[in-house]
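Enquirer:
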Amino acid sequence: MGLSGFRAEVGFRVDGEPHTLAVDTRSTVLDVLRDTLGNTSPKKGCDRGQCGACTVLLDGRRVLSCLVLAVTAGGKDILTAKGLAANGRLHPVQQAFLDNDALQCGYCTPGQVCSAVGALDEFADGKPSHAGDVTAEPELTRAEIAERISGNLCRCGAYTAIISAIEQAADA
Amino acid sequence: MRPFDYRTPANAVTAVQAVTEHPAAAFLGGGTNLLDHLKLGITHPDLLVDVTSVTADTIEDFQGGLLIGAAARNSDIAADYRVRTRYPALAEALLSGASGQLRNMATAAGNPLQRTRCPYFQDPTTPCNKRRPGSGCAAIGGFTRGHAILGASTHCVATHPSDMAVALTALDATVHVLSAQGERTIPFAELHRLPGADPTRDTVLDHGDLITLIELPYSPIARQSRYYKVRDRASFAFALVSVAAALTVTDGVISDARLAFGGIAHKPWRANRAEQILIGEPATDATYRLAAEHELADARTLDGLDGGNAFKVPLLIRTVVSVLRRLAEEPR
Amino acid sequence: MSAIGQDIPRRDGYAKVTGTATYAYEADVDNAAYCVLLQASIARGQVSEIDITEALALPGVLTILTPGQVEKIHQVDDTELYVLQDGEVDYRGQIIGAVVADTPEIAHHAASLVHFSYHVDEHDSTFSPDRHDLYKPDRLGTGEPTDTKTGDIDAAMRKAPHTITQTYTTATNHNNPMEPHATTALWQDDALILWDSTQGVHAVRTTIAQVFGLDTDQVRVICPYVGGGFGAKGEPHPHIVVATLAARALPGRPIRLALTRAQMFALVGYRPPTVQHTRLAADEHGTLTGIALAAVNQTARITEFTENAGSPTRTMYAAPNRATSHRLVVLDVAVPTWMRAPGECPGMFGPEVAIDELAEALGVDPIDLRVRNEPEVDPDSGKPFSSRNLVACLREGADRFGWADRAPRRDGDWLVGTGVAASVFPAFTMQATAAIRYDQGRYIVEIGAADLGTGAWTVLPQIAADALEVPLEQIDIGIGDTTYPRASVAGGSTGTATWGSAILTAAEAFRDKFGDDPDDGDEMEGSISKPPFHEDYATYAFGAQFAEVRVHADTAEIRVPRLLGVFAAGRIVNPRTARSQFTGGMTMGLSMALHESSSLDPRFGHVINHDLAEYHIATCADATNVEAHWIDEHDPHVNALGVKGIGEIGIVGTAAAIVNAAHHATGVRVRDLPLTLDKLLPGLP
Chain A
45 MGLSGFRAEV GFRVDGEPHT LAVDTRSTVL DVLRDTLGNT SPKKGCDRGQ
95 CGACTVLLDG RRVLSCLVLA VTAGGKDILT AKGLAANGRL HPVQQAFLDN
145 DALQCGYCTP GQVCSAVGAL DEFADGKPSH AGDVTAEPEL TRAEIAERIS
195 GNLCRCGAYT AIISAIEQAA DA
Chain B
718 MRPFDYRTPA NAVTAVQAVT EHPAAAFLGG GTNLLDHLKL GITHPDLLVD
768 VTSVTADTIE DFQGGLLIGA AARNSDIAAD YRVRTRYPAL AEALLSGASG
818 QLRNMATAAG NPLQRTRCPY FQDPTTPCNK RRPGSGCAAI GGFTRGHAIL
868 GASTHCVATH PSDMAVALTA LDATVHVLSA QGERTIPFAE LHRLPGADPT
918 RDTVLDHGDL ITLIELPYSP IARQSRYYKV RDRASFAFAL VSVAAALTVT
968 DGVISDARLA FGGIAHKPWR ANRAEQILIG EPATDATYRL AAEHELADAR
1018 TLDGLDGGNA FKVPLLIRTV VSVLRRLAEE PR
Chain C
10 MSAIGQDIPR RDGYAKVTGT ATYAYEADVD NAAYCVLLQA SIARGQVSEI
60 DITEALALPG VLTILTPGQV EKIHQVDDTE LYVLQDGEVD YRGQIIGAVV
110 ADTPEIAHHA ASLVHFSYHV DEHDSTFSPD RHDLYKPDRL GTGEPTDTKT
160 GDIDAAMRKA PHTITQTYTT ATNHNNPMEP HATTALWQDD ALILWDSTQG
210 VHAVRTTIAQ VFGLDTDQVR VICPYVGGGF GAKGEPHPHI VVATLAARAL
260 PGRPIRLALT RAQMFALVGY RPPTVQHTRL AADEHGTLTG IALAAVNQTA
310 RITEFTENAG SPTRTMYAAP NRATSHRLVV LDVAVPTWMR APGECPGMFG
360 PEVAIDELAE ALGVDPIDLR VRNEPEVDPD SGKPFSSRNL VACLREGADR
410 FGWADRAPRR DGDWLVGTGV AASVFPAFTM QATAAIRYDQ GRYIVEIGAA
460 DLGTGAWTVL PQIAADALEV PLEQIDIGIG DTTYPRASVA GGSTGTATWG
510 SAILTAAEAF RDKFGDDPDD GDEMEGSISK PPFHEDYATY AFGAQFAEVR
560 VHADTAEIRV PRLLGVFAAG RIVNPRTARS QFTGGMTMGL SMALHESSSL
610 DPRFGHVINH DLAEYHIATC ADATNVEAHW IDEHDPHVNA LGVKGIGEIG
660 IVGTAAAIVN AAHHATGVRV RDLPLTLDKL LPGLP
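Protein chains in written order, with the working numbering: chain A, 45 to 216; chain B, 718 to 1049; chain C, 10 to 694.
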C-alpha cells in the first residue's frame, strides 16, 4: 500500500469491531483510539513508552500503543481492556485484579491488565524472562511475574497485590 | 511533530532507494525510539519508509551460527531456544533491556541503533552537540552519573544505551548492510563509533544504509556466556554499567575469553586489552580484577552536579570480577 | 451487621479494570479542540517578542494565546494563577502561551512553530543550606509556628554522655501521579464546565470563579475519577486557567488540555529538597535529654512553600530540651507543593535514622530505645494523646517481621540486614457538607468529595449505611461534582474523617426529621465545621515499619525483598482498601528511599530528568513483598467516627527503615536520599 500526503486510509479492528478511517500519518494508535474512536480504555501516562499505561494487545501481543503509528496498524486486531470484558464478563485477569484490590486510582489499570494477559500468554509459550535462567524452562514465581510486569508503572503502589492477582489468574 | 509521508516499500532494495534519494527520509522499524524522537522534536524526517516487512523477521541456522533477520522482534530473539543455549549472553542482554511490551516491538536492527538517553540530548531546550552541532555539551558540568568514562571527547560524553549491542559486540557478531552501492558486512564491534569531533554520528552507517541481517558466528565459547546489568532499579532501567562475558577455563586456567562493557562509552566497549590479560592466566578474582583494571587504565571520569560518574570505575571492575567468577564457578 | 469494618470490593472496580471509568481528558464531549502549552526556556526575564505567523497559518489552528493578548483575569492568593497577563518569566518551564487546534497533531506541530525572544535576567537556582540569604517564614503551612524551643538544647548537647549531630538530606521528589493533570473546559451560555483532574472540585470552582470574576453558580467542576494526585492535584494549577482562557476564547467548543509528563515537572508542584540538621542528646540508659531539628528547604520566588519537616520532631519523643526550626531559600525555580505526607515524610527521615545511630552508639536495640523515650503527653502541646499506640505497633511488627533473629548475614552474593523506623501523621478534620435523599427505596448520598484511588467511592457508602442503619446495597453515592454539597479537598489524610463525619451528621438529621420510613424526595443536609485541630487532645496516627535489605557484595545493588508495616490509625472502615492505602504509601516510601531524585540543573533552572525513564519510581520488581497490618484501635476522642487518616502515614518512616537496614547489612551509613549503590560501594570490602 503506497501512501502519500499527510493523511492515509487505514483499516483495523478494535475490540472486534472493524474501523476504516483516514488518519494523520503522525497519529499514534493511542491517540486514534482515544481522540478519534472514543475508546479511552488505554491511558496516556507518558506518551513515550516509559510507563505502560497505554498497553494494548496488537494481534495478541502486548505493545505500547503510544509508540505505534496508526498507519502501521492496517489489518491488525487491537484489543483493549474494555474489549477483554466483552459481553460484560470480566476476563480472569480483570476479576483477579478486583479480587486482590490490585488497583487504586485505576489509571494504570487497563494497561496493567492488558500487559498481564500478554505476559501470561508469553509465559505459556515458554518465553523466558530476566528473572530466571534463560537456558531453562521458566517457572511462574512471584519474582518472574514482577519482572514480566515491570514495564507497567503504578504510582499508587499496588505492585504486591498486582503480583498476587496475576498469580491467581495464572492458576485460574 | 512535523507532517511526514509514510511508505511501505515493496522490498529492501526499493526501501534503500527511497531513503537514499530523500535526504530527510528515515527508516521506520519498531519505532520505539524514532517515534519518541519525533515527539520530542529531536529529529524531523518528512518521509518514513517502513522496513518491518522488507527484511526477514526469522532466525536461521547458518554455518553453525545464526542469521537473525533485521525485523525479528527482540522478544522473539530472546525466546529462541538456539539463542538461549548457544548465545545465552544475548538472550540475557535482550531480556534485561526495556520492558516486555517494548521488546515485543523493537527490532533486531533497531535496538543497536537506538540513541543515547543522555537527558540533555533528549531535552531540545539545552545545548547538545549530538543534537545541534556546535551548541556545546550541557552534560559536561551537569548531571553526569550516567555518562561515559571511556572514549569520550570534549564534544560529547554520552553513553550508548543498548544492552543487546554489548552482547553482540562480545559475541563477534557481524551486521549485513544493504546500500545503494550493494551489500557489505561490518564487524559489530566496528559498527558504533566514538564521538570525537562529530558526535552527531553514532555509527559508521551512511544515510540510506539498511541493516538486513545480524550474523552470529559459530562459537563454542558463546555457550559459556553471561550478560550482567547493574542499574538503579531492579527492572526497566538503563545500565549504569553492564558486562557481557564468555569464558573457557581449562584446568583452572583461562584458555579463551570474550568481554564487552555497556553504559560506559559512546559505543559498546569491546575489552580487547582485558581479554589479552585473561588468556593464559589462572581463573581467579585477582586475574579478573587485573584485567578489568587494565582495560580501565585510560578511564576519564567526570565531576557532576550529582557527584559525577567516578563510581563507575570501581563498579565496573567489581562487576567484571563478579561475572567472570560466576562463569568459571558455575558453567552453564 | 455493621457495614464499617467489612471487606467490601471497590464500587468503581469494574469500571477501572475495563478502562471505562472516565478521567478529566476523556470527558464525553463532541467536536473537541486540543490545547498545547508553550513554556519559557529561560529561568528569569521577560518575553520580548513572539512570532506566531507561521503557526497561525497552519490549517486547523484555531487560536494562539500569548502574554497580554488574552482576557484580563483577577489576581488571587496563588500568584502563579495570574497566567499570560504579562510576559514576565519567573521560572523555566512557566507557561508563556498556548495553541488551540482541531487535532492534537496540528496543535503540537503549531506549538513547535511559535518563536519567542526574551530579555534574559540573571537567575539563581542553586539550593544550599549554607547560603547567607536563608530566611524564616512567618509560619508553617499548617498554621503552626515556624520555630519551637523548650529548655536548652545546646546545654543538653554539652552535658550528655551520648550525642548524635548529623545532617540528613532528602531529594527533590515529583508527585508524578500516573494520570497527567488534565482539564476539559467548555464555556457555553455564560457558564463554565470544567472536567478537571483534581483532589477537590469545590476548591477548583471557588478559585477559577475568582480568577475569572464569575459567580460560583456559573462554574461547574466535574471529577468522578482521579488518576492519582498525592498532593499535586490538591490546588488548582495554572493550566486550568489556560484551559478556561481557551474555552472562553472559543465559546461552545470543548477544549481538551493534558499536560505532558515533562510539563508535570515544571507546572504542578513537587516536594522540595530538605536539609535536616539533627541533634540528639541521651543519658547512659538511652533516655533522651535533648532533641532538635533545623530544616532548610528551597521555595520559589513566585510563591512561598515551607516543607514542615520539623513538625514530627515536636511530637515523637519525650525530651526536656527541644528545638525545631524552618528556613527557606528563595530561588528562580518552579513552585513546590504538597507531596504525600508533606512535612512528616521527609521530616521523619533524619530523626529516625538518627535514633538508629544513637541505638548503635549505645548498643541498645532501636525498638527498645524508641520505647524508652515514649512520651506521656504530646511534648509539643502538653495535651494528652487521643490515642497513641506506637509501642504496640513496634512490638507487633517485631513479632510479625521476626525482628528477634536479626543478626546481619550473608546469603550467597548478598549481604542481608534489617531496619526499623517509626511513622506518624496527624489526624484532623476539615469542613464538609453532605446531602441524603430518599428515592424509591434507595438512599442517595451526595458530597463534593474525591476518590484518588483512596476508596472514597466504597467507604463513604459503608459509613452512610451504618449511620442510616440500612443495608449497604441501599446506598447510592455521588462524589466528584460541584453540584453536590461543598466538601474539603482530599488531602492531609482528612477525607474519610471529614466527609464521613458530614455524612454522619446528615444521616442523623435525616432520621430525626423523616424517621426510618421516609417518603420519596425527602432530603437533608449535614455538615462538619469544627476547627481542624482538636481542642483537648493531640490526635495522631502512628506506625512502625520494618525493612529487609539485601546489598550485592560485589556490585552494591540494593533490593528490598520485604517491607512490613503495622499501624495504629483508629477504626479501619474497609480493610481491603485500607490495606492498599498503607502498602501503597509504603511502596512510594520505598521508591523515595531507593530511586527518586529530580535533577534540577541550576545552570538552566529546570529539572533535567523530566520523564519516567530518568526520574525513576519503583517498578513492580522493586516492591514485590509489601505487607501492612494494623492494631485494633478504639479512639473515642479523635472524632465521632473514631477514624484517623491512612493515606499518608504509610510513606512516613519507610525511607529511614530502609536506610537503617542497609546500614545493618553493610555497616555503611547513608544520610542522603536516595540510597543508591554508588553511596554504598566505597564502604564494601
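Don't be surprised by glycine CBs; every beta carbon is placed ideally from N, CA and C.
Based on Cα-Cα distance, which residue from C:Thr427, C:Leu201, C:Thr663, C:Ala515 lies nearest to C:Glu557?
Expert: Considering only alpha carbons, the answer is C:Thr427.
Enquirer: Nearest chain A C-beta to B:Ala795 closer than 8 Å, yes or no?
Expert: Contacts with chain A at 8 Å (Cβ-Cβ) include B:Ala795.
Enquirer: Pick out whichever of C:Gln84, C:Arg678, C:Asp21 has its Cα sitting closest to the Cα of C:Gly692.
Expert: C:Arg678
Enquirer: Straight-line CA distance for C:Thr174 to B:Phe1028?
Expert: Annotation: C:Thr174 to B:Phe1028 spans about 28 Å, alpha carbon to alpha carbon.
Enquirer: My guess is that A:Leu108 and B:Gln818 are in contact by the Cβ rule of under 8 Å, so how many angstroms apart are they, rounded?
Expert: 5 Å
Enquirer: Relative to chain E, which residues along the region 168-185 of chain C have a C-beta separation below 7 Å, given in chain order?
Expert: Among the protein chains in the structure shown, which are A, B and C, there is no chain E.
Enquirer: Any Cβ of chain A within less than 8 Å of the Cβ of C:Glu455?
Expert: Look at C:Glu455: its C-beta is not under 8 Å from any C-beta on chain A.
Enquirer: From the DSSP output, in three-state form, read off A:Gly46 for me.
Expert: With a pLDDT of only 33 at A:Gly46, under the threshold of 50, the placement of this residue in the model should not be trusted; the figure read from the coordinates follows. Residue state, collapsed to three classes: strand.
Enquirer: Along chain B, which residues have their Cβ under 8 Å away from the Cβ of A:His174?
Expert: Glu809, Leu812, Ser813, Ser952
Enquirer: Can you list, in chain order, the residues of the region 85-103 of chain A whose Cβ is nearer than 7 Å to any Cβ on chain B?
Expert: Asp91, Arg92, Gly93, Gly96, Thr99
Enquirer: Closest Cβ-Cβ distance between A:Ser208 and chain C: below 8 Å?
Expert: no
Enquirer: Note down the Cα distance separating C:Met325 from C:Val560, rounded to an integer number of angstroms.
Expert: 30 Å
Enquirer: Quick one, which of A:Asp215, A:Val73, A:Leu123 has its alpha-carbon nearest A:Gly162's?
Expert: A:Leu123
Enquirer: Quick check on B:Ala789: does DSSP put it in helix, strand or coil?
Expert: coil
Enquirer: If we cut at 8 Å on Cβ distances, does C:Ala630 have a partner in chain B?
Expert: yes
Enquirer: Starting from B:Phe1054 and walking both ways along the beta strand (DSSP E), at which residues does that stretch end?
Expert: Limits of chain B in this structure are 718 at one end and 1049 at the other, which puts residue 1054 of chain B out of reach.
Enquirer: So does the region 999-1019 of chain B actually touch the region 916-925 of chain B, counting three or more Cβ pairs closer than 8 Å?
Expert: Touching, no, given that fewer than three Cβ pairs across the two stretches are closer than 8 Å.
Enquirer: Assuming the contact rule is C-beta atoms closer than 8 Å, C:Ala290 and C:Leu297 should be a hit. Round their C-beta distance to whole Å, please.
Expert: 7 Å
Enquirer: To test your reading of the DSSP string, which unbroken beta strand (DSSP E) runs of 3 or more residues are found completely within the region 432-492 of chain C?
Expert: 441-448, 451-455, 484-487
Enquirer: Pick from C:Val668, C:Thr438, C:Val230: whose alpha carbon is nearest that of C:Val647?
Expert: C:Thr438
Enquirer: Using the rule of at least 16 other Cβ atoms within 10 Å of the residue's Cβ for burial, across every protein chain shown, is A:Gly49 buried or exposed?
Expert: Low confidence applies to A:Gly49: its pLDDT is 43, below 50, so where it sits in the model is not reliable enough to give any reading.
Enquirer: Quick one: Cα of C:Ser396 to Cα of C:Ala431, how far?
Expert: So the alpha carbons of these two residues sit roughly 16 Å apart.
Enquirer: Mind checking which residues open and close the beta strand (DSSP E) that includes B:Gln818?
Expert: No beta strand (DSSP E) contains B:Gln818, which is instead part of the alpha helix (DSSP H) from 817-822.
Enquirer: Under 8 Å between C-beta atoms, does C:Gly237 make it to chain A?
Expert: yes
Enquirer: Ordered along the chain, which non-local residues of its own chain (more than five positions away) have a Cβ less than 8 Å from that of A:Leu164?
Expert: Val137, Ile210, Ala213, Ala214
Enquirer: With a threshold of 16 other CB atoms inside 10 Å of the CB of C:Thr6, please say whether the residue is buried or exposed.
Expert: There is no way to answer for residue 6 of chain C, as the model of chain C reaches only from 10 to 694.
Enquirer: A:Cys158 and A:Cys200 - do their beta-carbons sit closer together than 8 Å?
Expert: no
Enquirer: Please report how far the alpha carbon of C:Ile703 lies from the alpha carbon of C:Thr72, in whole angstroms.
Expert: For residue 703 of chain C there is no data in the structure shown, the boundaries of chain C being 10 and 694.
Enquirer: Can you tell me the Cα-Cα spacing of A:Leu47 and B:Pro740, whole angstroms?
Expert: Only weak support exists for where A:Leu47 lies, its pLDDT of 33 falling under 50; the value from the coordinates is given anyway. Distance between the alpha carbons of A:Leu47 and B:Pro740: 19 Å.
Enquirer: Which runs of the beta strand (DSSP E) spanning at least 3 residues fall entirely within the region 207-245 of chain C, listed in chain order?
Expert: 228-231
Enquirer: What residues of chain B sit near A:Val161, judged by a beta carbon separation below 9 Å?
Expert: For A:Val161, no chain B residue has a C-beta closer than 9 Å to its own C-beta; the minimum C-beta separation is roughly 11 Å.
Enquirer: Flag C:Tyr234 as yes if its beta-carbon sits less than 8 Å from any beta-carbon of chain A, otherwise no.
Expert: yes
Enquirer: Answer with yes or no whether the minimum CB distance from C:Phe125 to chain B is below 8 Å.
Expert: no
Enquirer: Please state if the CB of C:His183 and the CB of C:Ser497 are separated by a distance shorter than 8 Å.
Expert: no
Enquirer: Using a Cβ-Cβ distance cut-off of 8 Å, determine whether A:Leu113 contacts chain B.
Expert: Closer than 8 Å: yes.
Enquirer: Could you give the DSSP three-state label for C:Lys539: helix, strand or coil?
Expert: coil
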